[in-house]
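S.K.: With this note's numbering applied, the sequence shown corresponds to residues 3 to 372, in that order.
Here it is, the structure in full.
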Amino acid sequence: MSLVLTPEQEDLRGIVRGFLADRSPSTEVRRLMETTDGLDRAVWAIAAGELGLQGLALPEEYGGGDAGIVEQVLVSEEAGRAVYAAPYLGTTLAADAILRADDGAAAKDLLPGIGDGSVIAALAVTEDDGSWEPGAATVRAERTARGFALTGHKNFVLDGMAADLFVVSARTEAGLALFAVRADAAGLTRTALETLDRTRKQARLELAGVEARLIGEDGAAEAVLAGTRDLALTLLSAELVGTAQWCLDTTVEYAKMRTQFGRRIGSFQAVKHRLADMLLGLESARAAVYEAARVAVEDPAALPVAAAAAKAVASDAATFAATETIQLHGGIGFTWEHDAHLYYRRAHADALLFGDATRQRERLAVLLGI
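Structure below.
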């Protein structure tokens with residue numbers, strides 16, 4: 003695989019971009035961010051039924067499109083470019099964890115609904131410290147006559163307010179395991195969290211003896227979640243690239259139009275330098291993300307390094323671009339009515355999600371033995 007996309011992949015990008023421009027303009031994003039779950043289920047159904055986005059990477063036997071990580075990266079990039087307000091990332095990660103658990107019966111029962119859009123899923127891994135490390139899990143799973151019961155809490159659950167199904171990590175006598183929990187299960191309470199990015203909802207889950215179904219082998223979740231985390235970092239990095247691209251495009255157009263001291267501000271050397279720095283960061287991030295996608299296909303064992311590097315570079319690029327966008331727009335850029343604020347919040351929130359740039363560089367040092 004090279005960095006040159008195939009015609010089919012370019013078509014996918016164009017289709018997704020057109021869909022988001024039509025169904026998720028900034029006016030709709032602003033409307034949804036004021037709701038509890040941040041979701042328009044009618045649009046979600048169209049995304050599944052007409053575009054197949056939710057089932058894009060699922061195997062055909064579960065009703066999916068059997069696509070790969072490159073296609074997922076392209077969709078995520080366009081989602082970032084449109085600050086898409088929908089539980090796409092959370093559902094994608096939950097489905098990935100189910101697949102990696104290698105539980106045929108669970109996959110057959112759970113994945114078709116995710117693929118056709120009738121079930122929204124969320125992955126509940128992190129707790130109060132936001133860590134994905136296995137030792138951080140404190141939720142307990144106890145065996146019962148009907149399976150397992152979970153007790154404890156999960157925090158910062160991505161897309162948790164819209165979810166119909168949760169894939170929850172919990173500790174058993176055998177170690178860390180994954181469980182499927184229905185959103186309407188007795189003993190489960192979810193609370194919306196106040197977030198920096200109001201277009202992306204998060205929730206806290208309280209589990210009081212909640213009935214759960216084991217997914218995969220008891221005690222085998224550590225390896226599953228390690229793989230899903232690498233996918234999460236790659237897709238989130240792609241989203242950051244899309245966010246940075248919007249910032250650059252919008253700011254370049256504004257610099258061509260805005261007049262100051264009788265000249266277009268884009269003609270000033272200082273503005274040109276700042277736009278060039280935005281472009282340099284963006285292209286570096288895109289190269290890192292596409293490299294992570296290539297590695298995922300050709301050398302999966304090296305993906306942890308590539309994914310961490312992509313997240314670090316993309317986080318820096320997007321937060322820089324979002325900050326420059328507001329500053330270079332001047333007075334209008336500082337108003338809440340301008341869409342620059344949606345992208346500023348998305349960029350900074352995504353940069354923190356799953357570990358910020360500093361955390362990713364620490365992981366790289368460990369992974370590389372530095």
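C-beta atoms are modelled at their ideal positions from N, C-alpha and C, and glycine is treated no differently.
At the level of alpha carbons, what is the spacing between Ala252 and Ala289?
M.R.: Translated into positions along the sequence shown, residue 252 becomes position 250. Translated into positions along the sequence shown, residue 289 becomes position 287. According to the sequence displayed, residue 252 carries Thr and not Ala. Rounded to whole angstroms, the separation of the alpha carbons of Ala289 and Thr252 is 21 Å.
S.K.: Helix, strand or coil, according to DSSP, for Leu58 in the structure here?
M.R.: Start at 1 with the first residue of the sequence shown, and residue 58 comes out as number 56. Leu58: coil per DSSP, three-state reduction.
S.K.: Is it right to say Thr128 is buried, meaning 16 or more other beta carbons lie within 10 angstroms of its own, or is it exposed?
M.R.: Locating residue 128 in the sequence shown gives position 126, counting from the first residue. Buried, by the Cβ-count rule.
S.K.: Is Ser171 helix, strand or coil when you go by DSSP?
M.R.: The sequence position of residue 171 within the sequence shown is 169, counting from 1. Annotated three-state conformation of Ser171 is strand, per DSSP.
S.K.: Spatial neighbours of Asp318 within its chain, please: C-beta separation below 7 Å, excluding the five flanking residues on both sides.
M.R.: Locating residue 318 in the sequence shown gives position 316, counting from the first residue. Counting only Cβ-Cβ distances below 7 Å, and skipping sequence neighbours, we find Gly283, Ala359.
S.K.: Alpha carbons only, please: which of Ser286, Leu180, Phe21, Leu281 is nearest the one belonging to Thr224?
M.R.: Within the sequence shown, numbered from 1, the residue matching residue 224 stands at position 222. Note that residue 224 corresponds to Glu in the displayed sequence, not to Thr. Answer by Cα proximity: Leu180.
S.K.: As a quick exercise: from Arg148, Arg202, Val141, Leu178, pick the residue whose alpha carbon is nearest that of Leu190.
M.R.: Taking the first residue of the sequence shown as 1, we reach residue 190 at position 188. Checking every option, the nearest Cα to that of Leu190 belongs to Val141.
S.K.: Rank Asp104, Ala320, Ala214 by C-alpha distance to the C-alpha of Glu285 and give the top, closest one.
M.R.: As a first step, residue 285 must be located in the sequence shown, where it is residue number 283. Comparing Cα positions, the closest option is Ala320.
S.K.: Find the nearest neighbour of Leu195 within the set Glu208, Ala303, Val170, Thr93, judged by alpha-carbon distance.
M.R.: Here residue 195 refers to the residue found at position 193 of the sequence shown. Looking at the Cα atoms, Glu208 is the closest of the given residues.
S.K.: Leaving aside the five residues before and after Ile334 along the sequence, list all residues of the same chain whose C-beta is less than 6 Å from its C-beta, in chain order.
M.R.: As a first step, residue 334 is located in the sequence shown; it is residue number 332 there, counting from the start. Hits under 6 Å: His340.
S.K.: Since Asp199 contacts Arg32 with CB under 8 Å, what's their CB separation in whole angstroms?
M.R.: Here residue 199 is taken as the residue at index 197 of the sequence shown, counted from 1. Here residue 32 is taken as the residue at index 30 of the sequence shown, counted from 1. With a Cβ gap of about 13 Å, Asp199 and Arg32 do not count as contacting.
S.K.: Strictly by DSSP, which residues pair up with Arg192?
M.R.: To locate residue 192, count along the sequence shown from 1; it is residue 190. Paired residue(s): Leu207.
S.K.: I need the DSSP call for Gly67, collapsed to helix, strand or coil.
M.R.: In the sequence shown, residue 67 corresponds to position 65, counting from 1. Reduced to three states, the DSSP call for Gly67 is coil.
S.K.: Gly20: which of Val77, Pro9, Leu58 sits nearest, CA to CA?
M.R.: Position 18 of the sequence shown, counted from the start, is the residue given in the question as residue 20. The candidate whose alpha carbon is nearest that of Gly20 is Val77.
S.K.: What does the Cβ neighbour count give for Lys203, buried or exposed, with the cut at 16 atoms within 10 Å?
M.R.: By 1-based counting over the sequence shown, the position of residue 203 is 201. Flag for Lys203 reads buried.
S.K.: Do Glu326 and Arg276 count as a contact pair if the criterion is CB distance below 8 Å?
M.R.: What you label residue 276 is simply residue 274 of the sequence shown in a count that begins at 1. What you label residue 326 is simply residue 324 of the sequence shown in a count that begins at 1. It is a contact, given that the beta carbons lie within the stated cut-off.
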